[in-house]
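In this text, residue positions in the sequence shown follow this note's numbering: the first is 26, and each later residue adds one. From the three backbone atoms N, C-alpha and C, an ideal C-beta is built for every residue, glycine too. One structure is given here, and the rest of the page talks about it.
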Amino acid sequence: MSAEFFRSIKLALSVEQYRQLPRNAAFKYELIDGETWLTPRPRWYHAVIDLKTFDVPAGAGEDFLLRPLEPADWDELPRLFAAAFRTVQPFGSLDEDDRLGAARHCLERTRSGSDGPLIGQACFVAQARAEQHACGVVLLTLVRDVDLTDPDERCLWGEPPPADAVERRLGLPHLTWIFVGPWHAGSGIGSALLARAVGELLNLGFERLASTFLLGNESSTLWHWRNGFRLLAHPYSTRELRRRWRG
Ligand SMILES: CC(C)(COP(=O)(O)OP(=O)(O)OC[C@H]1O[C@@H](n2cnc3c(N)ncnc32)[C@H](O)[C@@H]1OP(=O)(O)O)[C@@H](O)C(=O)NCCC(=O)NCCS
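Right, here's the structure in full:
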């Protein structure tokens with residue numbers, strides 16, 4: 026998760042400029058005593074795909090090599106992460122050094138198992154045929170298989186799961202990070218990485234893949250939608266809470 030990297034933003038704007046300011050759904054906008062305040066109000070949504078019926082959109086990423094993630098890739102990934110998220114909140118509002126630090130922090134969490142055990146077989150790197158460097162990556166971890174619409178449930182493990190949790194399928198695969206370098210975005214690489222990951226998850230015997238995205242990250246939202254993810258109710262949706270109270 027990226028909640029810790031959100032910062033409040035204060036701007037000196039006239040009332041008219043405040044009115045014209047484009048909005049991002051992850052922030053609350055207020056004009057207080059002549060100062061404009063953008064206060065973080067991030068909301069994450071979960072989505073799932075049923076792997077057996079997964080169908081990747083045609084024309085995904087033919088110009089790129091996809092290969093399994095290797096240990097040496099971890100050194101290179103923070104720069105790619107920082108570039109991919111340079112306009113995506115909360116990382117887009119950090120300066121370059123802090124963004125790279127945040128990238129290292131997030132990826133170290135994933136590598137070390139804090140986001141759940143890494144499903145190494147289903148993590149893939151994309152490389153442009155003419156280049157040596159990674160231009161995209163998908164990282165999957167295993168989270169607890171809980172009701173993701175329940176506000177009282179936590180999908181991260183409280184206690185470390187058994188070492189063979191992935192082999193025994195003791196949880197739910199989660200798309201923890203996917204990112205593509207800005208020069209290569211929109212070419213089908215993200216979709217191709219997802220398709221390879223889905224293939225491996227099916228080989229491992231999994232049936233569903235969950236993902237989480239931030240409201241306000243439109244490209245991620247559309248990407249999930251376009252690739253067949255089904256949006257789940259937000260845990261604090263009024264309808265969902267009413268349904269639970271009645272139930
Ligand atoms: C989201 C991301 C991984 C998508 O990868 P990608 O290789 O650029 O996406 P694809 O080419 O596979 O796009 C598939 C679909 O996603 C949507 N999409 C992707 N990028 C988009 C953008 N910038 N604006 C609008 N829609 C976009 C489109 O619907 C597209 O379908 P189409 O090509 O038929 O129109 C990539 O843009 C990225 O790295 N973004 C920044 C990091 C991020 O937000 N990651 C997701 C959260 S972990």
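In angstroms, rounded to a whole number, what distance separates the CA positions of residue i and residue j?
| i | j | result |
| --- | --- | --- |
| proline 67 | leucine 239 | 7 Å |
| alanine 222 | leucine 91 | 10 Å |
| leucine 132 | histidine 158 | 17 Å |
| valine 205 | histidine 130 | 18 Å |
| serine 236 | alanine 108 | 21 Å |
| aspartate 88 | asparagine 252 | 19 Å |
| alanine 147 | leucine 94 | 8 Å |
| glycine 126 | serine 245 | 22 Å |
| phenylalanine 30 | leucine 167 | 23 Å |
| tryptophan 270 | threonine 263 | 11 Å |
| leucine 36 | alanine 128 | 26 Å |
| proline 186 | tyrosine 43 | 49 Å |
Looking only at its chain, what residues have a beta carbon closer than 7 Å to the beta carbon of residue i, apart from the 5 residues adjacent to it on each side?
| i | result |
| --- | --- |
| asparagine 49 | Gln114 and Gly241 |
| arginine 154 | Asp88, Phe89 and Leu90 |
| lysine 77 | Glu232 |
| threonine 174 | Leu257, Ala258, Pro260 and Glu265 |
| phenylalanine 79 | Val223 and Gly253 |
Kindly give me the distance between the Cβ atoms of residue i and residue j, rounded to whole angstroms, as I take these residues to be in contact under 8 Å.
| i | j | result |
| --- | --- | --- |
| leucine 143 | arginine 134 | With 8 Å as the limit, leucine 143 and arginine 134 do not qualify as a contact, their Cβ atoms being about 11 Å apart. |
| glycine 161 | isoleucine 74 | That belief does not hold up - the Cβ atoms of glycine 161 and isoleucine 74 are roughly 19 Å apart, past 8 Å. |
| threonine 61 | serine 33 | Going by Cβ atoms, the distance from threonine 61 to serine 33 rounds to 11 Å, so no, they are not a contact pair. |
| proline 176 | tyrosine 70 | The Cβ separation is near 13 Å, so there is no contact. |
| phenylalanine 116 | serine 39 | About 29 Å; that fails the 8 Å criterion. |
| arginine 194 | glycine 230 | 6 Å |
Going along the chain, which residues of its own chain have a beta-carbon closer than 6 Å to the beta-carbon of residue i, five neighbours each way excluded?
| i | result |
| --- | --- |
| leucine 164 | Thr135, Cys148, Thr201 and Trp202 |
Within the same chain, show all residues whose beta-carbon is closer than 8 Å to that of residue i, passing over the 5 residues directly before and after it, in chain order.
| i | result |
| --- | --- |
| alanine 210 | Ala109 and Ser244 |
Take every Cβ of the stretch 54–61, pair it with every Cβ of the stretch 186–202, and state whether three or more of those distances are shorter than 8 Å. no
Are the stretch 213–229 and the stretch 172–183 touching by the rule of at least three beta carbon pairs closer than 8 Å? no
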